[in-house]
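Taking the numbering used here, the leading residue of the sequence shown gets 628, the next gets one more, and so forth. Structure first, then comments.
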Amino acid sequence: MAPGVGRRLDGLPNRDLNVGAIVALSPVLPAAVKAVFNSWGPGKYDAEFNRDGINSPVVIPPALGLRGVALETYTGEGPVSYWNAYVAVTQMHGHGSFSDPALGINIQQSPDRVTPVLPVLRAYQLGLNAPTPAAGSFDPAAAGRGKVVFTSTGRCASCHLPAMVFTDVNLGILHDPSETGMDPVRASRLKNHKYRTTPLRALSQHPPYFHDGSAATLADVVEHYNRVLGLGLSDTQKADLVEYLKSL
Numbered sequence: 628m629a630p631g632v633g634r635r636l637d638g639l640p641n642r643d644l645n646v647g648a649i650v651a652l653s654p655v656l657p658a659a660v661k662a663v664f665n666s667w668g669p670g671k672y673d674a675e676f677n678r679d680g681i682n683s684p685v686v687i688p689p690a691l692g693l694r695g696v697a698l699e700t701y702t703g704e705g706p707v708s709y710w711n712a713y714v715a716v717t718q719m720h721g722h723g724s725f726s727d728p729a730l731g732i733n734i735q736q737s738p739d740r741v742t743p744v745l746p747v748l749r750a751y752q753l754g755l756n757a758p759t760p761a762a763g764s765f766d767p768a769a770a771g772r773g774k775v776v777f778t779s780t781g782r783c784a785s786c787h788l789p790a791m792v793f794t795d796v797n798l799g800i801l802h803d804p805s806e807t808g809m810d811p812v813r814a815s816r817l818k819n820h821k822y823r824t825t826p827l828r829a830l831s832q833h834p835p836y837f838h839d840g841s842a843a844t845l846a847d848v849v850e851h852y853n854r855v856l857g858l859g860l861s862d863t864q865k866a867d868l869v870e871y872l873k874s875l
């Protein structure tokens with residue numbers, strides 16, 4: 628039928644899907660809007676463009692490994708059902724209701740065919756476990772050393788709390804973009820103006836990284852934080868940390 632059909636693990640983001648190019652096929656869109664959609668490339672989407680006209684797409688996130696995560700959007704607007712409702716009503720134009728006064732959105736449609744299915748969709752998504760790394764995909768000895776770096780000199784565990792699905796968002800903590808050297812545009816478009824600490828799940832299986840895909844590899848992620856936070860990690864420590872991240 629198509630490459631990947633029947634072989635994908637449900638819940639991993641589709642990095643091959645060019646959503647913008649598909650939407651740009653609509654004959655009713657102005658040329659300027661089509662140009663924006665075509666600029667995104669595979670694996671990215673901007674769910675706010677139709678609301679604020681700013682072009683700042685994000686990497687499609689994993690839909691698995693969500694159990695125990697309080698807020699699932701990059702900017703911590705709400706739990707997974709909030710996001711499902713937002714997309715269903717404001718993006719897919721499903722016949723339902725969605726309201727968020729902070730974003731100036733109040734869509735009420737009757738009958739509401741979206742809200743009644745949100746609980747079962749949430750239950751399904753929470754049942755999608757993150758896959759274990761493939762055999763031979765990382766060096767166990769190096770990963771063991773990298774875990775020490777993760778919890779000490781690397782300072783990763785200060786936000787990516789291992790006991791809380793590798794995030795501090797369950798404690799109600801969000802972070803200013805400047806704290807971690809993130810592009811502030813996405814956060815500025817939404818109500819919290821901050822980013823949530825991304826849970827670490829099946830990392831080796833869904834590059835690129837960060838909300839904007841600005842880190843192509845896990846080595847790029849480590850190098851980013853080493854530079855922004857002034858960690859002073861050695862090349863060996865950085866390599867070991869990458870192996871640990873591959874093991875998650």
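From the three backbone atoms N, C-alpha and C, an ideal C-beta is built for every residue, glycine too.
Inter-residue Cα distance where the pair is residue i and residue j
i, j, result
"residue 792", "residue 655", "43 angstroms"
"residue 816", "residue 822", "12 angstroms"
"residue 955", "residue 679", "The question about residue 955 has no answer here: the residues shown for the chain are numbered 628 through 875."
"residue 628", "residue 853", "Reliability of the predicted coordinates at residue 628 is poor, the pLDDT of 46 falling under 50, and no value is obtained from them."
"residue 748", "residue 845", "31 angstroms"
"residue 715", "residue 671", "17 angstroms"
"residue 636", "residue 687", "15 angstroms"
"residue 814", "residue 650", "24 angstroms"
"residue 818", "residue 764", "39 angstroms"
"residue 734", "residue 666", "29 angstroms"
"residue 872", "residue 760", "10 angstroms"
"residue 647", "residue 668", "7 angstroms"
"residue 658", "residue 683", "18 angstroms"
"residue 843", "residue 706", "27 angstroms"
"residue 751", "residue 689", "14 angstroms"
"residue 731", "residue 840", "28 angstroms"
"residue 805", "residue 700", "19 angstroms"
"residue 810", "residue 851", "12 angstroms"
Endpoints, the alpha helix (DSSP H) within which residue i is located
i, result
"residue 837", "Careful: residue 837 lies outside any alpha helix (DSSP H) and carries neither H nor E."
"residue 666", "658-666"
"residue 750", "745-753"
"residue 646", "646-650"
"residue 707", "707-713"
"residue 678", "676-679"
Cut-off 6 angstroms between Cβ atoms - residues of its own chain near residue i, not counting five sequence neighbours on either side
i, result
"residue 808", "855"
"residue 740", "722, 723"
"residue 802", "821, 822"
"residue 674", "718"
"residue 769", "867, 870"
Simplified DSSP state of residue i, which is helix, strand or coil
i, result
"residue 867", "helix"
"residue 618", "Shown here, the chain extends from 628 to 875; a query on residue 618 therefore has no answer."
"residue 818", "coil"
"residue 769", "helix"
"residue 701", "coil"
"residue 685", "strand"
"residue 842", "strand"
"residue 628", "Caution applies to residue 628, whose pLDDT of 46 falls short of 50 and renders its modelled position unreliable; the value that the coordinates give is listed next. Looking at residue 628 - three-state DSSP - the assignment turns out to be coil, as it is neither helix nor strand."
Residue interval of the beta strand (DSSP E) (run including residue i)
i, result
"residue 805", "Where residue 805 is concerned, there is no enclosing beta strand (DSSP E), although the alpha helix (DSSP H) it sits in stretches over 804-807."
"residue 727", "725-727"
Cβ neighbours of residue i in the same chain (closer than 7 angstroms, five flanking residues each side left out)
i, result
"residue 772", "867"
"residue 914", "Residue 914 cannot be examined here, being either before or after the span of the chain that is shown, 628 to 875."
"residue 757", "691, 692, 828, 829"
"residue 753", "693, 694"
"residue 783", "777"
"residue 725", "712, 713, 716, 717, 732, 734"
Neighbourhood of residue i by C-beta distance below 8 angstroms, restricted to the same chain and skipping five residues each side
i, result
"residue 860", "776, 780, 781, 849, 853, 868"
Any non-hydrogen atom of the ligand GDP within 7 angstroms of residue i CB
i, result
"residue 733", "With respect to the ligand GDP, the structure shown offers nothing to examine, as it has no ligands at all."
Min CB distance residue i to chain B below 8 angstroms
i, result
"residue 734", "Any reference to chain B falls outside this structure, which holds one protein chain only."
Touching by the beta-carbon criterion (3+ pairs, under 8 angstroms), the segment 767-778 and the segment 854-869: yes
Cβ contact check for the segment 832-849 and the segment 639-656: 3 or more pairs under 8 angstroms: yes
Stretch-stretch touch, CB-based, cutoff 8 angstroms, three pairs: the segment 794-805 with the segment 694-703: yes
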